[in-house]
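According to the numbering used here, the residues represented by the sequence shown are 68 to 399, in order. Note sheet for the following structure.
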Amino acid sequence: MTSVTGVPAADTDPHQEPPLDGRAESTGRLGDKVFRGLASGAGIFVILLVLLVGVFLVAQAVPSLLNNEGNFLTSRKWIPSGEHPEFGIVDLLWATVVTSIIAMLVAIPVGVAVALFVTHYAPPWLSRPAAQLIDLLAAVPSIVYGLWGIASFTPFVQPFQEFLASHLGTFIPLFEKRFTASLFVVGLVLAIMVLPIVTALSREVFAQTPRAHIEGALALGATKWEMIRTAVIPYGKPGVISASMLGLGRALGETIAVSMILSALAPGADWFWSIFNGGSTFASLIANNAGEFDSPQKTGAYIAAGLVLFILTFIVNAIARVVIERRKAFTE
68 MTSVTGVPAA DTDPHQEPPL DGRAESTGRL GDKVFRGLAS GAGIFVILLV LLVGVFLVAQ
128 AVPSLLNNEG NFLTSRKWIP SGEHPEFGIV DLLWATVVTS IIAMLVAIPV GVAVALFVTH
188 YAPPWLSRPA AQLIDLLAAV PSIVYGLWGI ASFTPFVQPF QEFLASHLGT FIPLFEKRFT
248 ASLFVVGLVL AIMVLPIVTA LSREVFAQTP RAHIEGALAL GATKWEMIRT AVIPYGKPGV
308 ISASMLGLGR ALGETIAVSM ILSALAPGAD WFWSIFNGGS TFASLIANNA GEFDSPQKTG
368 AYIAAGLVLF ILTFIVNAIA RVVIERRKAF TE
């Protein structure tokens, strides 16, 4: 092909994109390198930050643990100062685990049910406001939950506690009546606090169920509930597990609301397995006594309690990761 000037023109494809010049190509490569470096640096920074927090907790806790004259894992006494310090975490561990279990036993079924209602049962005019209303619970400060729990929720739950204690407490120590502001009340308040986390993440996972799975189940004659049970719930199970573990992490570390509601036990009080008993969680004990960190020994004792909570949170997340990976491998 010859141009009007008589100079042979290069063969060009009208649909072919013009080649990138050296400047554009180098800019693209530079951007990729910068982004990759920033992403890698952020990941390494987070890992180092977690490791440094762990090292700090261990370094501060070990001296107090070495001076501890009691068994840190089995002792019920909490005397972190003086010439003969003796402290243990069995009461703290029991209160933390019990309140978190109660919270998850209530929040997971309710959160999953709300998520299924919003995604598959509610009409469009109701689903969006309902989802936003549930999400607003996450914006309520912890101190508001604490005040509400003391003033309104505890008196509201007290008749139910009395009913369980009178009918089950005589032969089941777990329901023996002790305090009004008990572990049971705190667990219910924590359930309300973690409900938005479980609901929001479960809702997003259920909404992403492939249409082919849903339509295939309905085409085979399944009812809506059978379709949800065979297609939606199995697809969203890893997401529900992840949401539950995030909510459990929130419940384990909640401080202000727990310290405001839960009745603290007097030093040397008798031990009871009842969920209607009082006590202190790891977070509430540290928060209530933060003003007493007047010596390295006492400070190290409370930091040791924080270290246990730190490790407990890691264990929970590790278990969740194992369950999710096994579930993915099974579905693949």
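Cβ atoms here follow ideal geometry from the backbone N, Cα and C, with glycine treated the same way.
Here DSSP, grouped into helix, strand and coil, assigns glutamate 321 to coil.
With respect to the C-alpha of glycine 254, the residue from Pro263, Ala324, Thr186, Ala205 having the closest C-alpha is Ala324. With a minimum length of 4 residues, the unbroken runs of alpha helix (DSSP H) contained wholly in the stretch 225 to 278 fall at 250 to 274.
Tyrosine 212: member of the alpha helix (DSSP H) spanning 209 to 215, first to last residue. Counting only the Cα atoms, alanine 371 lies some 7 Å from leucine 124. Contact check for alanine 197 and valine 185: beta-carbon distance about 6 Å, within the 8 Å limit, so the pair qualifies. In the displayed model, tryptophan 145 falls within a strand according to three-state DSSP.
Around the CB of tyrosine 212, 16 or more other CB atoms lie within 10 Å, so the residue is classed as buried. A direct Cα-to-Cα measurement between isoleucine 169 and arginine 278 gives close to 35 Å. For glutamate 150, the secondary structure class from DSSP, reduced to helix, strand or coil, is coil. Nearest to alanine 318 by alpha-carbon distance, out of Trp292, Leu257, Pro130, is Leu257. The shortest CA-to-CA distance from phenylalanine 377 to any of Ser194, Gly316, Gly98, Leu329 is the one to Gly316. Of all C-beta pairs linking the stretch 346 to 361 to the stretch 276 to 295, fewer than three are shorter than 8 Å, placing the two stretches out of contact. With contacts defined by Cβ atoms closer than 9 Å, valine 299 and histidine 280 form a contacting pair.
Shown here for isoleucine 146: same chain residues with a beta carbon closer than 7 Å to its own, the five before and five after excluded, namely Pro152, Glu153, Phe154 in chain order. According to the DSSP assignment, glutamate 293 belongs to the alpha helix (DSSP H) that extends over 291 to 294. Contact check for leucine 313 against isoleucine 264 passes: the beta carbons are separated by less than 9 Å. Taking a contact as a CB-CB distance under 8 Å, the pair threonine 297 and valine 252 does not count as one, their CB atoms being some 38 Å apart. In the three-state reduction of the DSSP assignment, asparagine 384 falls in the helix class. For asparagine 355, the enclosing alpha helix (DSSP H) has its first and last residue at 349 to 355. Boundaries of the alpha helix (DSSP H) around aspartate 158: 157 to 183.
The three-state secondary structure of glutamate 136, taken from DSSP, is coil.
Membership of isoleucine 201 in the alpha helix (DSSP H) is indicated by the continuous run 191 to 203. Sequence-distant Cβ neighbours of phenylalanine 273 in its own chain, meaning closer than 6 Å and more than five residues away, are Ala182, Thr186, Val299, Gly303.
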